[in-house]
Amino acid sequence: MNFFKTLMPLFILILVCTIGSCSTTKGDNQLILPEIINPTYKSYSTQQDRGYVVSFEYQDTGISPTEIVLFGIRQSIPSSAIHGNKVNVNMIHQTSTIQNHVIQGSDLPNGIMFEKEGMKYLKEVNFKSKTTLK
471 MNFFKTLMPL FILILVCTIG SCSTTKGDNQ LILPEIINPT YKSYSTQQDR
521 GYVVSFEYQD TGISPTEIVL FGIRQSIPSS AIHGNKVNVN MIHQTSTIQN
571 HVIQGSDLPN GIMFEKEGMK YLKEVNFKSK TTLK
């Protein structure tokens, strides 16, 4: 019995240290997605095309945006649309001028996709409407 009383404080100390190290490890592995600043869209409609011009800025955390999801449309962000930490993308919803243009639908909520080490992460975004373009 004295043997257990002697080892009990050591056992409790080891248990507390083990639990503490697990929670620290979990926090270290979490990916922090960039803050999205001023996310807006403008709809446009011409005789040939319909779509949205999407703009936003993001806080640089070492991970760049790769796709936008807006109103059920998912579209890649070309590198030419990223200028520093500002993004301006033309999301085509319907076109008769670009042959074989495929519009990718999505059930995901509105947001911005980020990719790191082959894994994709969606940051939900509430895009604000600007005046409609004509």
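Residue numbers (the working numbering): 471 to 604. We put the beta carbon where it would ideally sit given N, CA and C, even for glycine. On a predicted model such as this, the values are computed, not experimentally measured, just so you know.
For this session: Report yes if the C-beta distance between G575 and I543 is below 8 Å; otherwise report no.
Result: By one-based count along the sequence shown, residue 575 stands at place 105. By one-based count along the sequence shown, residue 543 stands at place 73. Their beta carbons are under 8 Å apart, which means G575 touches I543 by this criterion.
Exercise. Rounded to whole angstroms, how far is the Cβ of H563 from the Cβ of R520, which I believe are closer than 8 Å?
Worked result: Against the sequence shown, residue 563 aligns to sequence position 93. Against the sequence shown, residue 520 aligns to sequence position 50. H563 to R520, Cβ: 5 Å. Contact.
Exercise. Excluding the five sequence neighbours on either side, which residues of its own chain have a C-beta within less than 6 Å of the C-beta of I533, listed in chain order?
Worked result: Residue numbering aside, residue 533 sits at position 63 when the sequence shown is read from its first letter. Taken in chain order, the residues that qualify are F584, K586.
Problem set entry | Expected contact under 8 Å - CB spacing of K590 and I506 to nearest Å | Along the sequence shown, one-based indexing puts residue 590 at 120. Along the sequence shown, one-based indexing puts residue 506 at 36. Contact doesn't hold; Cβ gap of about 16 Å is too wide.
Exercise. From what residue to what residue does the beta strand (DSSP E) around E585 run?
Worked result: The residue you call residue 585 lines up with position 115 of the sequence shown. Per DSSP, E585 belongs to the beta strand (DSSP E) from 581-586.
Problem set entry | Where S491 falls: helix, strand or coil (DSSP) | Translated into positions along the sequence shown, residue 491 becomes position 21. Note that S491 scores a pLDDT of 36, beneath 50, so its modelled location is shaky; the value from the coordinates is reported in the next line. Helix.
For this session: Please go through the region 524-562 and give each complete beta strand (DSSP E) segment of 3 or more residues, from N-terminal end onward.
Result: 535-540, 543-546
Exercise. First and last residue of the beta strand (DSSP E) that includes I568?
Worked result: On the sequence shown, position 98 is the one that residue 568 refers to. Counting along the chain, I568 falls outside any beta strand (DSSP E), and DSSP gives it neither H nor E.
For this session: Please classify P509: is it buried, with 16 or more other beta-carbons within 10 angstroms of its beta-carbon, or exposed?
Result: If you number the sequence shown from 1, residue 509 lands on position 39. Buried, because 16 or more other Cβ atoms sit within 10 Å of the Cβ of P509.
Exercise. Looking at the C-beta of S550, does it have a partner C-beta in chain B at a distance below 8 Å?
Worked result: Going by chain labels, chain B is absent from the structure shown, which holds only one protein chain.
Exercise. Which residues does DSSP pair with S515 in a beta bridge?
Worked result: Start at 1 with the first residue of the sequence shown, and residue 515 comes out as number 45. R520, per the DSSP bridge assignment.
For this session: Run the CB neighbour count on L540, radius 10 Å, all protein chains shown included, and call it buried at 16 or more, exposed below.
Result: The residue labelled residue 540 in the question sits at position 70 within the sequence shown. With 16 or more Cβ atoms within 10 Å of its Cβ, L540 is classed as buried.
For this session: Identify whether D498 lies in helix, strand or coil by the three-state DSSP scheme.
Result: As a position in the sequence shown, residue 498 is number 28, starting the count at 1. Note that D498 has pLDDT 45, beneath the 50 cutoff, so the model's placement of it is unreliable and the number below is only indicative. Residue state, collapsed to three classes: helix.
Exercise. Going by the CB atoms, is the gap between Q545 and P504 shorter than 8 Å?
Worked result: In the sequence shown, residue 504 corresponds to position 34, counting from 1. In the sequence shown, residue 545 corresponds to position 75, counting from 1. Not closer than 8 Å, so no.
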